[in-house]
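Visitor: Protein chains in written order, with the numbering used here: chain V, 1 to 110; chain S, 1001 to 1110. Backbone N, C-alpha and C define an ideal beta-carbon position, used for all residues, glycine too. As the structure is a computational prediction, the values presented were derived from the model and not from experiment.
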DNA sequence: CACACATATTCGTTTTTGCTAATATGATAG
DNA sequence: CTATCATATTAGCAAAAACGAATATGTGTG
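#1: I want to verify the contact list: residues of chain S whose CB lies under 7 Å from the CB of residue 86 of chain V, in sequence order.
#2: Taking the Cβ atom as the reference point for each residue, do residue 1064 of chain S and residue 1070 of chain S lie within a distance shorter than 8 Å?
#3: Could you tell me the distance, in whole angstroms, from the CA atom of residue 46 of chain V to the CA atom of residue 76 of chain V?
#4: Is there a Cβ from chain V that is less than 8 Å from the Cβ of residue 1044 of chain S?
#5: Can you name the residues that DSSP bridges to residue 74 of chain V?
#6: What are the boundary residues of the alpha helix (DSSP H) that residue 32 of chain V is part of?
#7: Quick check on residue 1051 of chain S: buried or exposed, where buried means 16 or more other Cβ atoms within 10 Å of its Cβ?
#8: Give a yes or no on whether 8 Å exceeds the smallest Cβ distance from residue 60 of chain V to chain S.
#9: At the level of alpha carbons, what is the spacing between residue 39 of chain V and residue 84 of chain V?
#10: If residue 1017 of chain S and residue 13 of chain V are in contact, beta carbons under 8 Å, what's the gap, nearest whole angstrom?
#11: Which two residues bound the contiguous alpha helix (DSSP H) that contains residue 1047 of chain S?
#12: Using beta carbons (cut-off 8 Å, strictly below), is residue 9 of chain V in contact with chain S?
#13: Contact criterion: CB-CB distance below 8 Å. Does residue 17 of chain V meet it with respect to chain S?
#14: Indicate whether at least one CB of chain V lies closer than 8 Å to the CB of residue 1005 of chain S.
#15: If we ignore side chains and look at the alpha-carbon of each, how far apart do residue 21 of chain V and residue 1030 of chain S end up?
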C-alpha cells in the first residue's frame, strides 16, 4: 500500500487528460525529441506545444535536457512509460463502454 | 502493443484528473457504496457528488447497480482497481519532482 | 556584438469545467 | 395515490483551462 499526496496525484493525472498532451507523450515515447521535432510531428503551433510541454514537465511526466540550442524532451523514466502502456491495456478492456457515453462533450459538469 | 482511440483514452483519464473524483474512487475502492454513503464520507453536496459520479460513470471508471431505492456504485472491474494501484506506485516514485512544481496552480495554460 | 534560430512567456479572448441552489425523477411504504 | 426518501438534472454563475498572436529569452555563429 502506497501513500501519495492527493494534490500531487491529481496534478500528475491532469497532465494525461488532454488530447494534445497525450499525443506529445506518444510522440516522445520511444525516443527523446526536440521541441521543433515535436511541433513538426504534431499539428499545432510552437507556442501551444511549448505550453503543453511546460505543463507535462510540471506534472512530472517528462523531463527536458538542453543540448546546444536544442532542448530534448523525453518521458521522465521507465515507470512512466510502463504506466502509459498499462493505461492502454486497461482501456482496451473498457473501451466499448466508454465509447457509448454521451455526456462528456456537451455536459458541462464532467 | 494495444491500439486505443485517443478520445476515449483522454475521456477516461479526465475522470481521474479531479480531486473529488479521486476521493470518490478511493472511497469505493474496497466495496460498493450508495450515493448517500459516499456523500456522507466525502465533504460535498449531494448534487456535486452526483455530478461527479455521473462523470466517472461516463468515463468508464465506475458502474452503478440499482437495488431497491438505492444505487450502489463500485469500480468497474479489477483492472481499474489495478490501474489505480499502479498509478499510486509510479507516483510515489516521481512525487518529489512534481511537488516542487509551481506553474500548475496559477498558470492558466496547464 | 549583431544576427539567426530554438524555445519560452505573456496577454487577451473563448471555451470548458465546477459549484451551488433549486427542481425534477424515480422508487418504496403506508 | 400520495408522502417520503434517494438520486439525478438543470440553470446560472465563477473559476480555470486552452488557444493564437505577439513578444521575450537564450544559445550559437559569423
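Guide: Straight from the coordinates:
#1: Here residue 86 of chain V is taken as the residue at index 86 of the first chain, counted from 1. The contacting residues are 1083 and 1086.
#2: Position 64 of the second chain holds residue 1064 of chain S. Position 70 of the second chain holds residue 1070 of chain S. Contact flag unset, no.
#3: What you label residue 46 of chain V is simply residue 46 of the first chain in a count that begins at 1. What you label residue 76 of chain V is simply residue 76 of the first chain in a count that begins at 1. For residue 46 of chain V and residue 76 of chain V, the distance between alpha carbons rounds to 22 Å.
#4: Stepping through the second chain from its first residue, residue 1044 of chain S is reached at position 44. No, because no Cβ of chain V sits closer than 8 Å to the Cβ of residue 1044 of chain S.
#5: Along the first chain, one-based indexing puts residue 74 of chain V at 74. Answer by DSSP bridge pairing, in chain order: V:63.
#6: Position 32 of the first chain holds residue 32 of chain V. DSSP places residue 32 of chain V in no alpha helix (DSSP H); its state is neither H nor E.
#7: The residue you call residue 1051 of chain S lines up with position 51 of the second chain. Its Cβ being crowded by 16 or more others within 10 Å, residue 1051 of chain S is buried.
#8: Position 60 of the first chain, counting from 1, holds the residue named residue 60 of chain V. Interface residue, yes.
#9: If you number the first chain from 1, residue 39 of chain V lands on position 39. If you number the first chain from 1, residue 84 of chain V lands on position 84. If you take the alpha carbons of residue 39 of chain V and residue 84 of chain V, they lie about 21 Å apart.
#10: Position 17 of the second chain, counting from 1, holds the residue named residue 1017 of chain S. Position 13 of the first chain, counting from 1, holds the residue named residue 13 of chain V. Contact holds; Cβ gap of about 4 Å.
#11: Working through the second chain from its first residue, we reach residue 1047 of chain S at position 47. Taken as a continuous stretch (DSSP letters only), the alpha helix (DSSP H) holding residue 1047 of chain S covers 1046–1058.
#12: By 1-based counting over the first chain, the position of residue 9 of chain V is 9. Taking Cβ atoms only, chain S reaches closer than 8 Å to residue 9 of chain V, which makes this a yes.
#13: Translated into positions along the first chain, residue 17 of chain V becomes position 17. Yes - at least one Cβ of chain S is within 8 Å of the one on residue 17 of chain V.
#14: Here residue 1005 of chain S refers to the residue found at position 5 when the second chain is read from its first residue. Output row for residue 1005 of chain S: interface = yes.
#15: One-based indexing of the first chain puts residue 21 of chain V at position 21. One-based indexing of the second chain puts residue 1030 of chain S at position 30. Cα-Cα distance, rounded: 32 Å.
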